[in-house]
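Just below is one structure, and these are the notes that go with it.
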Amino acid sequence: MGYQHVEHTFEPVFDEHSKVLILGSFPSVKSREEGFYYGHPQNRFWRLLARLTDEEIPETIEEKKTLLLKHQIAIWDVVHSCDIVGSSDSSIKNVVPCELEKVLSSSPIRQIYANGGKAWQLYHRYCEKETGREAVKLPSTSPANAIFTLDRLTAVWGEELFGKQNTK
């Protein structure tokens, strides 16, 4: 499989109460097929957020949006369009970044978090100057980041997002 030029096809999730913005790099093939963030069943994002917020693991897109907004979390991706091979973050090139100001000007975002090193790197390269804000790099919820178990992710993400030492 070679490079394919792909555009982001779904909107950010946020409202006027969102206090944190979590950025991924670009939707995986599975997420693009599903039409929503973190659609690969092995990605731990939704299990992690459910654990951190003491909620049930959301199944539908509406349940996922409800979980995010209830806990004042906004999500989006750094990249609006790019050339990519499959779902490989390491293959991303010819980046056009998302216009993050859409969220930042409409919500009282106190902190931006990057879900993984590639999202952080892309944010730093393409968005930080425009937003004037640094992003905190969190360990990726991707199944490719196997060194971080769900328990380790819970500890690091919980401390950063919610000040929890914990958790379960």
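The opening residue of the sequence shown carries number 2 in my numbering; numbering runs sequentially from there.
Where is the CB? At the ideal position from N, CA and C, for every residue including glycine.
Since the model is a prediction, treat every value here as computed from it, not as a measurement.
Reduced DSSP category for residue i - H, G, I as helix; E, B as strand; rest coil
i: V80; result: strand
i: V14; result: strand
i: V97; result: strand
i: K169; result: Only weak support exists for where K169 lies, its pLDDT of 46 falling under 50; the coordinates are left without a value.
i: I74; result: strand
i: V7; result: strand
i: Y124; result: helix
i: D152; result: helix
i: R62; result: Looking at the sequence shown, residue 62 is not Arg but Ile. In the structure shown, I62 sits in a helix (DSSP, three-state: H, G or I).
i: D55; result: coil
i: F37; result: coil
i: R45; result: coil
i: S106; result: coil
i: G164; result: coil
i: G133; result: coil
Residues bridged to residue i (per DSSP)
i: Q112; result: V21
i: V30; result: Partner(s): none; V30 has no beta bridge.
i: L139; result: N116
i: I85; result: Q5
Minimum C-alpha distance to residue i - residue among the options
i: S143; options: R134, E135, G133, L154; result: L154
i: K94; options: S82, K103, L101, E100; result: S82
i: V21; options: V7, V157, A136; result: A136
i: P140; options: V157, R134, S92, D90; result: V157
i: Q112; options: P98, M2, G133; result: G133
i: V7; options: R33, E102, D55; result: R33
i: D78; options: A145, K31, C99, L49; result: C99
i: D152; options: K103, R45, Q5; result: R45
i: E35; options: L49, E60, R48, T54; result: E60
Residue i classed as buried or exposed, judged by whether at least 16 other C-beta atoms fall within 10 angstroms
i: L162; result: buried
i: A147; result: exposed
i: D16; result: exposed
i: K130; result: exposed
i: V80; result: buried
i: L68; result: buried
i: F149; result: buried
i: H9; result: buried
Proximity test, residue i beta-carbon vs the ligand HEM heavy atom, cut-off 7 Å
i: L162; result: Judged by which ligands are present, the structure shown has none, so any question about the ligand HEM falls away.
Tell me, please, whether the region 25 to 35 touches the region 115 to 124 by the rule of three or more beta-carbon pairs shorter than 8 Å.
Of all C-beta pairs linking the region 25 to 35 to the region 115 to 124, three or more are shorter than 8 Å, placing the two stretches in contact.
Indicate whether the contact test is met: 3 or more Cβ pairs, each with one atom in the region 97 to 116 and one in the region 68 to 81, closer than 8 Å.
Yes, the region 97 to 116 is in contact with the region 68 to 81.
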